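Take a look at the structure set out below.
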Amino acid sequence: MRTQEVSVLSAHDLKCVKGSTELFSNIHFEIRSGEALVVEGSNGSGKTSLLRILCNYNSPAEGQITWNDEKIDGHESYQQQISYIGHASGVKLDLTVLENLVFAQRLVGTDRQESEIKEIIRAVGLFKQRNILARKLSAGQKRRVALARLQLEERQLWILDEPLTALDKDFVTEFESVLKNHLDQNGMLIVTTHRELLLPEAQLKRINLSR
Amino acid sequence: MFSALITIIRRDLLVAFRRRAELMNPILFYVIVVTLFPLGVSPDKEFLSQLAPGVVWVTALLAALISMESIFRQDFDDGSVEQLFLSQHPPTVLILGKVIAHWLITGLPMLIIVPLMALLLYIPQQAIPTLFITVLIGTPILSLIGAIGVALTAGLRGGGVLLGLLVLPLYIPVLIFASGAVSAAITGLPYSGHVALLGAGLILALILAPLAISASLKISMS
C-alpha cells in the first residue's frame, strides 16, 4: 500500500436477495483513495451482506462492482487489496496475541519484523497480554487484536464490519486516528457502525440501506 | 509460496498442539476398534489374518472420517476461512497446507501404530511393509477427499451426518485397492498393481482436491 495511485471502487445498482426476501436494491456509490464509506441501516438491513459482496465472497443478485473500471469478479488482485474484519474477526483462540499476528500477516503475504509487530501490539494496548492465549482475552481485547492485524497488513481497502463493538471509549478515539491516518495515506475505508465515527466530513460518504 | 505453505502448516500444528485432548481422539478410536475385533469375532489366527486387511482399512476410514470435521470447523467459527481468500498467496496452496497439517496430526500417528495393529491381527510379517505403504499412500487421499466434504458441509447445521454420506462412498476405491494390496501380499501374490493405482489416486487427489476444496469453501461461505 502507501501508493500515490488513486484507485476507485464503484458499485452500480446493487441488489441483494437472501432466500426470498430482498435486502436492498438500487445501491450506488463510488469511493476513491482517501475516502471512507459509512454504511448505515437498521439490524437486518443487509449491511454485512453488502460488505461480503464487496469482499467478493458473495455475488450480488443484480448490479456490478468495479475496481479501477474492472469488474471485481474474476479480478484476482482485487481481493489482495482488502483487509476485512467481519463479525468473526479471524483471531485464533488457541494462539497467543503475538502468534496470531505473526501468522496472520505472514499468511496474507507481508513479512514484518517481530519488533514492528510488538510495536503495534503496544499501540493497541495489549503489550502485557502479548503471550496470553487469545481465548483468555475479553471481547474488546480480541477486537483489538483484529484491529492490530489491520495495521500490519498494509492493504489499501479496509472493509470493517462493526469494528467498534466492545471497544472502550478511549480506544475508539485512538482507533479513529488510525482510520484517519489510513485515509490520509491514500487508503480507502468501508465501515458499518451504529456509533458515530469522528472522521473529517470531506472524506466521508454515507449510504443508508434502510431506505 | 513455499514459505506460506510452511507457515500455515506450522500454525495449524501449533493450534492442534494446544488442543491435545482432541488430538488423541481419532488414534484412540482406531486402536480400540481394531482391538475389539479379536474379542468380538474370533481370536483364531487363520481367521483373523484373513479378516485383517479389511479391518485395518475400514477402521482407518472411520477414524479418518471422525477426525475430518476439525479441519475447517474452527476456521469457520473464527473467521479464518475468509482471510484465506484475501491472501496474496493462492488459496489452494494455503488449503493444501491445512490438509498436510491435518494429515500430520491424524494420518501420521496411524502410520506409526499400524505395524502394531498388524501384529495384533496376525498379519504375516512379509505383508507388513505392504500394509505400511498402503497406509502411507492411502491416508493422505482420505484427508484430501474428506476435506472436500467438510468444506461443503461446514456451513450447515448437523453437517456431520451428511459428511459421512458424502465422503464414505468416495473412500471406497481407496479401501478396495489398499486392502486388496494387503490381501495379495498375505497370500504371496504380486501387489504392485494395487499400490500403483493408489499412488495414481494420491497424485490425482493432490492436484485436484485443493481446487475442489477452495471452490467448496467459497460455496459454504456464501
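Chains as they are written, first to last, in the working numbering: chain A, 1 to 211; chain B, 1001 to 1222.
For each residue, glycine too, the CB sits at the ideal point set by N, CA and C.
Because the structure is a prediction, the values reported are computed rather than measured.
What does a CB cutoff of less than 7 Å around residue i pick up in its chain, not counting 5 residues either side in sequence?
{"i": "A/Asp-13", "result": "Asn-26, His-28, Glu-62, Gly-63"}
{"i": "B/Leu-1208", "result": "none"}
{"i": "B/Trp-1103", "result": "Thr-1139, Pro-1140, Ser-1143"}
{"i": "B/Gly-1146", "result": "Ala-1064, Leu-1065, Met-1068, Val-1167"}
{"i": "A/Arg-155", "result": "Met-1, Gln-81, Ile-82, Ser-83"}
{"i": "B/His-1089", "result": "Met-1001, Ala-1004"}
Relative to the alpha-carbon of residue i, which residue among the options has its alpha-carbon at the smallest distance?
{"i": "B/Asn-1025", "options": "B/Ala-1064, B/Thr-1035, B/Glu-1046", "result": "B/Ala-1064"}
{"i": "A/Ser-77", "options": "A/Ile-207, A/Cys-55, A/Gly-125", "result": "A/Cys-55"}
{"i": "B/Ala-1016", "options": "B/Ile-1100, B/Val-1150, B/Gly-1159, B/Pro-1053", "result": "B/Ile-1100"}
{"i": "A/Thr-110", "options": "A/Gln-81, A/Phe-175, A/Arg-144, A/Leu-133", "result": "A/Gln-81"}
{"i": "A/Ala-123", "options": "A/Glu-174, A/Ser-45, A/Val-17", "result": "A/Glu-174"}
{"i": "A/Lys-71", "options": "A/Gln-129, A/His-87, A/Gln-156, A/Val-8", "result": "A/Val-8"}
{"i": "A/Phe-171", "options": "A/Leu-197, A/Ile-159, A/Leu-157, A/Asp-69", "result": "A/Leu-197"}
{"i": "B/Gly-950", "options": "B/Glu-1069, B/Glu-1082, B/Val-1031, B/Pro-1210", "result": "Because chain B here runs from 1001 to 1222, residue 950 of chain B falls outside it and cannot be looked at."}
{"i": "A/Tyr-57", "options": "B/Asp-1078, B/Glu-1082, B/Leu-1061", "result": "B/Glu-1082"}
{"i": "B/Thr-1035", "options": "B/Leu-1119, B/Leu-1086, B/Gln-1125", "result": "B/Leu-1119"}
{"i": "B/Val-1182", "options": "B/Gly-1155, B/Ala-1004, B/Phe-1002, B/Val-1058", "result": "B/Val-1058"}
{"i": "B/Lys-1218", "options": "B/Gln-1074, B/Phe-1085, B/Arg-1020, B/Val-1033", "result": "B/Phe-1085"}
{"i": "A/Ile-31", "options": "A/Thr-21, A/Thr-66, A/Ser-20", "result": "A/Thr-66"}
Could you tell me the alpha carbon to alpha carbon distance between residue i and residue j, rounded to whole angstroms?
{"i": "B/Thr-1130", "j": "B/Ala-1185", "result": "7 Å"}
{"i": "B/Leu-1116", "j": "A/Leu-107", "result": "39 Å"}
{"i": "B/Val-1056", "j": "B/Leu-1144", "result": "20 Å"}
{"i": "B/Pro-1091", "j": "B/Val-1161", "result": "27 Å"}
{"i": "B/Gly-1193", "j": "B/Thr-1134", "result": "12 Å"}
{"i": "B/Ile-1071", "j": "B/Arg-1011", "result": "13 Å"}
{"i": "B/Leu-1237", "j": "A/Gly-41", "result": "With chain B covering 1001 to 1222 only, the question about residue 1237 of chain B has no answer from this structure."}
{"i": "B/Gly-1180", "j": "B/Ala-1127", "result": "12 Å"}
{"i": "A/Met-1", "j": "A/Ser-83", "result": "At A/Met-1, the pLDDT of 49 sits below 50, so the modelled position is not reliable; the number obtained from the coordinates is stated separately. Cα to Cα, the separation comes out at about 11 Å."}
{"i": "B/Ile-1009", "j": "B/Ser-1080", "result": "14 Å"}
{"i": "B/Ala-1154", "j": "A/Lys-118", "result": "34 Å"}
{"i": "B/Ile-1137", "j": "B/Leu-1202", "result": "7 Å"}
{"i": "A/Ala-87", "j": "A/Ile-159", "result": "In the sequence on display, residue 87 of chain A carries His and not Ala. Distance between the alpha carbons of A/His-87 and A/Ile-159 is about 12 Å."}
{"i": "B/Tyr-1176", "j": "B/Pro-1169", "result": "Strictly speaking, residue 1176 of chain B in this sequence is Ile, with Tyr absent from that position. B/Ile-1176 and B/Pro-1169: Cα-Cα distance of roughly 11 Å."}
{"i": "A/Glu-116", "j": "A/Gln-105", "result": "12 Å"}
{"i": "B/Pro-1210", "j": "B/Gly-1164", "result": "20 Å"}
{"i": "B/Phe-1047", "j": "B/Arg-1020", "result": "37 Å"}
{"i": "B/Leu-961", "j": "B/Leu-1062", "result": "Outside the modelled stretch of chain B, which goes from 1001 to 1222, sits residue 961 of chain B, for which no answer is possible."}
{"i": "A/Asp-69", "j": "A/Ser-59", "result": "17 Å"}
{"i": "B/Pro-1043", "j": "B/Pro-1053", "result": "15 Å"}
Counting only the same chain and skipping the five closest in sequence on each side, list residues whose C-beta sits under 8 Å from that of residue i.
{"i": "B/Leu-1051", "result": "Phe-1037, Val-1041, Leu-1121"}
{"i": "A/Glu-5", "result": "Ser-33, Asn-186"}
{"i": "A/Ile-120", "result": "Leu-101, Ala-148, Gln-151, Leu-152"}
{"i": "A/Ser-210", "result": "Glu-40, Gly-41, Ser-42, Ser-45"}
{"i": "B/Leu-1023", "result": "Ala-1016, Phe-1017, Ile-1105"}
{"i": "B/Leu-1206", "result": "Leu-1096, Pro-1140, Leu-1144"}
{"i": "B/Pro-1124", "result": "Ser-1049, Ile-1186"}
{"i": "B/Arg-1223", "result": "Only positions 1001 to 1222 of chain B appear in this structure, which leaves residue 1223 of chain B out of reach."}
{"i": "A/Arg-112", "result": "Gln-105, Leu-152"}
{"i": "B/Leu-1204", "result": "none"}
Per DSSP, which residues does residue i bridge with? Please list them.
{"i": "A/Ile-31", "result": "A/Leu-9"}
{"i": "A/Ser-83", "result": "A/Trp-158"}
{"i": "A/Asn-208", "result": "A/Glu-40"}
{"i": "A/Thr-165", "result": "Note: A/Thr-165 sits in no beta bridge, so no partner."}
{"i": "A/Thr-21", "result": "A/Lys-18"}
{"i": "B/Met-1110", "result": "Looking at the DSSP assignment, B/Met-1110 forms no beta bridge with any residue, so it has no partner."}
{"i": "A/Glu-201", "result": "Partner(s): none; A/Glu-201 has no beta bridge."}
{"i": "A/Lys-47", "result": "The partner list for A/Lys-47 (beta bridge, DSSP) is empty, contrary to what the question assumes."}
{"i": "B/Met-1221", "result": "B/Met-1221 pairs with nothing; no bridge assigned."}
{"i": "A/Trp-67", "result": "A/Leu-9, A/Glu-70"}
{"i": "A/Glu-62", "result": "A/Lys-15"}
{"i": "A/Leu-126", "result": "In the DSSP output, where bridge partners are listed per residue, A/Leu-126 has none listed."}
Indicate whether the contact test is met: 3 or more Cβ pairs, each with one atom in the stretch 92-102 of chain A and one in the stretch 38-51 of chain A, closer than 8 Å.
In the pairwise beta carbon analysis, the stretch 92-102 of chain A is classified as not touching the stretch 38-51 of chain A: fewer than three pairs are separated by under 8 Å.
At least 3 beta-carbon pairs within less than 8 Å: the stretch 171-187 of chain A vs the stretch 34-41 of chain A
Contact holds: three or more Cβ-Cβ distances are below 8 Å.
Would you call the stretch 194-209 of chain A in contact with the stretch 175-185 of chain A, where contact means no fewer than 3 C-beta pairs closer than 8 Å?
Enough Cβ pairs lie closer than 8 Å, so yes.
Any chance the stretch 156-168 of chain A sits against the stretch 136-144 of chain A, with 3 or more Cβ pairs inside 8 Å?
Three or more beta-carbon pairs separated by less than 8 Å link the stretch 156-168 of chain A to the stretch 136-144 of chain A, which places the two stretches in contact.
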